[in-house]
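Chains as they are written, first to last, in our numbering: chain L, 1 to 113; chain W, 1001 to 1115.
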């Protein structure tokens, strides 16, 4: 079985500062990793995904994430955040043997002016 | 086009009502999903349809009844709901090809309030 841990439930950060949202996973098989963003009263929007190949993945809105197999991590980063980045961020994992996603508990990012 | 549409956007219903949520995608995806999401919580998987057949039912109460009339449509029929069923209901779809992992694309959700 797979599981995802997002250690930080809330992350406040000042505008134009860098941010890292942490995600760790556990799995006995190969996995695919995703980050989704959810703005208030909206559905989930795909930010980026790691399927294979380069461990550094670039996504939309200036976000990137690095897959680290030895540390079983997939942390999300942005060098300079904007007010509009205030949202809930979910890390998700999917195994290579099924179509079920497992979501982390989410991290609420608040960008402070 | 990576759009999944859901109707209605908002729904208020009594505990004796029957209503349906609708989801549509035209991306050629053959897997479709229903999730329930409570405030400040991650989505909880309810049902998965693969090639129009129900493949996963996460022990969802029978007052929720999914239906997949064709490869583009997914319905969720609601009957005799409880106030604790109030939540955001999300639909998602993904492309299912053997050995190719499908990314799930989500709709905007239907916010349901049961009185």
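Glycine included, C-beta positions come from ideal geometry on N, C-alpha and C.
Counting only beta-carbon atoms, is residue 34(L) nearer than 8 Å to chain W? Along the first chain, read from residue 1 onward, the residue named residue 34(L) stands at position 34. Closer than 8 Å to some Cβ of chain W, the Cβ of residue 34(L) qualifies, so yes.
Shorter than 8 Å from the beta carbon of residue 1007(W) to some beta carbon of chain L? Counting from 1 along the second chain, the entry for residue 1007(W) is found at position 7. Judged by the 8 Å Cβ criterion, residue 1007(W) is not in contact with chain L.
Residues bridged to residue 1044(W) [DSSP beta-bridge criterion]: The count along the second chain starts at 1 and reaches residue 1044(W) at position 44. According to DSSP, residue 1044(W) bridges with 1036(W).
What residue range does the beta strand (DSSP E) around residue 102(L) cover? Numbered from its first residue, the first chain carries residue 102(L) at position 102. Per DSSP, residue 102(L) belongs to the beta strand (DSSP E) from 101–103.
Should residue 105(L) be flagged as near chain W, meaning a C-beta pair shorter than 8 Å? Mapped onto the first chain, residue 105(L) falls at position 105. Yes, because at least one Cβ of chain W sits closer than 8 Å to the Cβ of residue 105(L).
Would you kindly check if the distance between the Cβ of residue 43(L) and the Cβ of residue 1106(W) is under 8 Å? By 1-based counting over the second chain, the position of residue 1106(W) is 106. By 1-based counting over the first chain, the position of residue 43(L) is 43. For residue 1106(W) and residue 43(L), yes; Cβs fall inside 8 Å.
Close-in-space but distant-in-sequence residues of the same chain around residue 1068(W) (CB under 6 Å, 5 per side omitted): Taking the second chain and counting its residues from 1, one reaches residue 1068(W) at position 68. These residues qualify, in order along the chain: 1049, 1052, 1074.
Pick from 1066(W), 1029(W), 1010(W), 1012(W) that is closest to residue 1104(W), judged by C-alpha positions: Walking along the second chain from the start, residue 1104(W) turns up at place 104. Comparing Cα-Cα distances from residue 1104(W) to each of 1066(W), 1029(W), 1010(W), 1012(W), the minimum goes to 1029(W).
Within-8 Å CB hit, residue 67(L) to chain W: As a first step, residue 67(L) is located in the first chain; it is residue number 67 there, counting from the start. Chain W contact via Cβ: absent.
Taking a contact to mean a Cβ-Cβ separation below 8 Å, would you say residue 8(L) touches residue 107(L) in this structure? Stepping through the first chain from its first residue, residue 8(L) is reached at position 8. Stepping through the first chain from its first residue, residue 107(L) is reached at position 107. Yes, these two residues count as a Cβ contact at 8 Å.
Cβ distance (whole Å) where residue 15(L) is taken to contact residue 81(L) below 8 Å: Indexing the first chain from 1 puts residue 15(L) at position 15. Indexing the first chain from 1 puts residue 81(L) at position 81. Indeed they touch by this definition, with Cβ atoms about 6 Å apart.
Does any residue of chain W bring its CB to less than 8 Å from the CB of residue 2(L)? Start at 1 with the first residue of the first chain, and residue 2(L) comes out as number 2. It does not; no Cβ of chain W falls within 8 Å.
Tell me the DSSP bridge mates of residue 90(L)? Here residue 90(L) is taken as the residue at index 90 of the first chain, counted from 1. Beta-bridge pairing links residue 90(L) to 36(L).
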